[in-house]
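S.K.:
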Amino acid sequence: MSFQTDPHTSPGDFFELLEKSGYRWHARIDSAQMQSGVTVTHGTTVLAFHYKDGVIVAGDRRATAGNSIMYELCDKVIPIDDYTLMAIAGVPATAFEMARVLTHNFEYYRRSQMQVMSVEGKIRALSKLLKENVGMAMQGLGVVSPIFATYDIKSKKAAIHFYDMLGADFKISTHTATGSGSPTIRGILEHEDLWGEHPLVERSESDAVTLAIRLLQTAAQFDSATGKARPEDNIFPTIALVTEAGYRFLSDKDLAGLCESSLKRG
Amino acid sequence: MFEEPYRWMEAVSTRHSYVQEKLKMGQPVLSVPFNEGVLIMGFAPQPGKIFEVYDRIALGGVGHPADVERLRMTLLDMAHLEGFNRSAQDVTLARLLQFGIAPALKQNFEEIQRAPYIIRLLLAELDGDGHPHFFRVNYDGHWETFKSGTVISGSEKVMDEVQKKIQDTPFATFPLDKALEETCRLWDESRKQDEGEDDKDVPKTLKEAFEQWYLEAAVLSGKVERRAIYRMLTEEEIGKLKSSVG
Chain A
0 MSFQTDPHTS PGDFFELLEK SGYRWHARID SAQMQSGVTV THGTTVLAFH YKDGVIVAGD
60 RRATAGNSIM YELCDKVIPI DDYTLMAIAG VPATAFEMAR VLTHNFEYYR RSQMQVMSVE
120 GKIRALSKLL KENVGMAMQG LGVVSPIFAT YDIKSKKAAI HFYDMLGADF KISTHTATGS
180 GSPTIRGILE HEDLWGEHPL VERSESDAVT LAIRLLQTAA QFDSATGKAR PEDNIFPTIA
240 LVTEAGYRFL SDKDLAGLCE SSLKRG
Chain B
0 MFEEPYRWME AVSTRHSYVQ EKLKMGQPVL SVPFNEGVLI MGFAPQPGKI FEVYDRIALG
60 GVGHPADVER LRMTLLDMAH LEGFNRSAQD VTLARLLQFG IAPALKQNFE EIQRAPYIIR
120 LLLAELDGDG HPHFFRVNYD GHWETFKSGT VISGSEKVMD EVQKKIQDTP FATFPLDKAL
180 EETCRLWDES RKQDEGEDDK DVPKTLKEAF EQWYLEAAVL SGKVERRAIY RMLTEEEIGK
240 LKSSVG
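So the sequence lines, in the order shown, correspond to chains A and B. Position one of the first sequence corresponds to residue 0 (numbering that gives the first Met the number 0), numbered consecutively onward. Position one of the second sequence corresponds to residue 0 (numbering that gives the first Met the number 0), numbered consecutively onward.
1) Could you list which residues in chain B have their beta carbon closer than 8 Å to that of H103 of chain A, in chain order?
2) For A255 of chain A, I'd like the list of residues in its chain whose CB is within less than 8 Å of its CB, leaving aside the five on either flank, ordered along the chain.
3) Alpha helix (DSSP H) containing G53 of chain A: first to last residue?
4) Would you report the Cα separation of T204 of chain B and H103 of chain A, rounded to the nearest angstrom?
5) To the nearest angstrom, report how far apart L125 of chain A and R23 of chain A are at their CA atoms.
6) Which stretch, first to last residue, makes up the beta strand (DSSP E) that contains H160 of chain A?
7) With C-beta atoms as the reference, is G59 of chain B less than 8 Å away from S220 of chain B?
8) On a CA-only basis, which of B:M72, B:D66, B:Q26 is nearest F13 of chain A? Give me that one, please.
9) Would you mind working out which of A:L210, A:L188, A:M137 sits nearest V90 of chain A, comparing C-alpha positions?
10) Give me the chain B residues within the contact set of D151 of chain A, using Cβ-Cβ distance strictly less than 9 Å, ordered along the chain.
11) Over what stretch of residues does the alpha helix (DSSP H) that includes K130 of chain A continue unbroken?
12) Who are E124 of chain B's beta bridge partners in DSSP?
13) Taking the C-alpha atoms as reference points, what is the distance between H15 of chain B and I146 of chain A?
14) Of the residues A:V115, A:G65, A:Q220, A:V143, which one's Cα is nearest the Cα of A167 of chain A?
15) Whole angstroms are fine: how far does the CA of T83 of chain A sit from the CA of V54 of chain A?
16) Report back the beta-carbon spacing between L104 of chain B and Y138 of chain B to the nearest angstrom; my notes put them in contact at under 8 Å.
17) Does R94 of chain B get closer than 8 Å to chain A when you measure Cβ to Cβ?
18) Would A57 of chain A and A157 of chain A qualify as a contact pair, given that the criterion is a beta-carbon distance under 8 Å?
19) For the candidate residues B:W212, B:I100, B:T172, whose alpha-carbon lies nearest to that of R69 of chain B?
20) Should R119 of chain B be labelled buried (16 or more other beta-carbon atoms within 10 Å of its own) or exposed?
21) Just the C-alpha distance for K127 of chain A and D163 of chain A, rounded to the nearest angstrom, thanks.
22) Judging by CA-CA distance, which residue of B:M8, B:V28, B:W7 is the nearest neighbour of I151 of chain B?
23) Could you tell me which residues DSSP pairs with H174 of chain A in its beta bridges?
24) Please tell me whether L38 of chain B and A216 of chain B are closer than 8 Å, where the distance is taken between their beta carbons.
25) How is L84 of chain A classed by DSSP in three states: helix, strand or coil?
26) Select from the region 205 to 228 of chain B all residues with a C-beta closer than 8 Å to any C-beta belonging to chain A, and list them in chain order.
27) Would you say V90 of chain B and A78 of chain B are within 8 Å of each other, going by their C-beta atoms?
28) Can you check which of these residues, B:E224, B:L179, B:R190, B:R226, is closest to V244 of chain B by C-alpha distance?
29) Measuring only between beta-carbons, confirm whether D76 of chain B sits less than 8 Å from chain A.
30) Which two residues bound the contiguous alpha helix (DSSP H) that contains F98 of chain B?
31) Are A47 of chain A and T175 of chain A touching if we call contact CB-CB under 8 Å?
32) Would you mind telling me which residues of chain B sit closer than 8 Å to L17 of chain A, beta carbon to beta carbon, in chain order?
33) Look at A218 of chain A and T209 of chain A and say whether their C-beta atoms are less than 8 Å apart.
34) Can you give me the Cβ contacts of W212 of chain B inside the same chain, cut-off strictly under 7 Å, excluding the 5 residues immediately before and after it?
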């Protein structure tokens, strides 16, 4: 155990502490030893949009490897801290690892520096991880395309950020979606925002949840890697809300009723 | 100079006296159970006595602020690395102490060429089953565990007296406001035991303490749904306490 303080470190940076302890993100796979035809598990459709009280984040539950359905209960919307969620499309192993690093990073910063990390700092932290992951992504083993949703308690505003695989972040003022089912629903989201009864940002929680359920069901209709809601098997999409009160996931009990009413034909 | 065992023992003994003298003015930090979790509190001239270490672990310290800070950071590093590499459930105070800071503190204290840590720490944990655990760690790495709450202070006499009173009080049955009032009362009584009572900068009564110093208090709440159950008491809660005991 060392009690020495290194002036060249960034105080409160958990990733730096991890690296000091021997953890290496970018050197875990040697490209020379890669076997061709490795099939990795992928997650599929996630979306987020602003609504009246904050941000809604939703995702389907299916994980696939090639043509095979590997899992139907995958949670692709992951809590990072009390006010932050990350929705993932891509390789779950890498995405879950990123989420774990971020969770510890934000909590470690808050506890060690005795202040909450700024929203900009949080957004940058995910960029940094994606940048560290470029090697894995280029090898085709660790591509992650995340959506980051948070609520800034200082400015009292919710924020959605979308990232490319190199770590560039893009602030989203209306809506975003990622994963293989996203092309289908991005058009619908844009249409709803421009010509729907109300712009997305003016919609109530109930309207926002209904739309999210319908969007994921539509994505699943056209994309085999996106799982449909299957109320008969208690499989529902993941739906979470980020507001001034923090994040909140809808329970399966709530979703059972909401799926039934939302998916009823008009 | 230190090649003879006698000289080494003499040097260690001198270090005990040196640290104890330096710690003498350290004001008490108390931690007790209450009906929904664990309370930890203490008065200080400036904030920096009570801290969050991990999801279910809180720390209180007396001694040199720089030494408290170093040990706080060591505990934070160990807890977060363990929580990341294994699970938050594997981060327990007993492990952090027994395999972490206690041996390091002992080694540091007995390496007489190095400056000793001028600290006394109180650590509290509310485990996953809702059971509270209290630990007291000395500057030489010696640690003790308590079931019904504990106290640290610069003065051993104060610690012993307050410890007896904590054990005689059914804190675990009290709601938070009553537990707070009672710990404030014990803090007030501890002032009467304190040998450094004649120091003009140290408040002599609870009323003076509220006026001149900061009350730092935090809880580990078993009623919280979130992973991290530590929270500092709000100004409103402290204001209410002040009007009831002040």
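We put the CB at the ideal spot given by N, CA and C, even for glycine.
M.R.: In this structure, then:
1) H79, G82, F83
2) So the list reads P230, N233, F235, once near-sequence residues are dropped.
3) G53 of chain A -> not in any alpha helix (DSSP H); beta strand (DSSP E) instead, spanning 53 to 58.
4) 42 Å
5) 16 Å
6) 156 to 162
7) no
8) Check the Cα spacing between F13 of chain A and each of B:M72, B:D66, B:Q26: the tightest is with B:M72.
9) Looking at the Cα atoms, A:M137 is the closest of the given residues.
10) None at all; the shortest Cβ gap to chain B is about 19 Å.
11) 118 to 131
12) Partner(s): B:I56, B:H132.
13) 56 Å
14) Distance from the Cα of A167 of chain A is smallest, within the candidate group A:V115, A:G65, A:Q220, A:V143, for A:V143.
15) Between V54 of chain A and T83 of chain A, the C-alpha separation is close to 10 Å.
16) 7 Å
17) no
18) Result no, Cβ atoms of A57 of chain A and A157 of chain A do not sit closer than 8 Å.
19) B:I100
20) So R119 of chain B ends up on the buried side.
21) 12 Å
22) Residue nearest to I151 of chain B within the set B:M8, B:V28, B:W7 is B:V28 (criterion: CA-CA distance).
23) A:F48
24) yes
25) Correct three-state label for L84 of chain A: strand.
26) R225, A227
27) yes
28) B:L179
29) yes
30) Neither: F98 of chain B is in no alpha helix (DSSP H) and is coded neither H nor E.
31) yes
32) L80, F83
33) no
34) F42, A43, P44, P202
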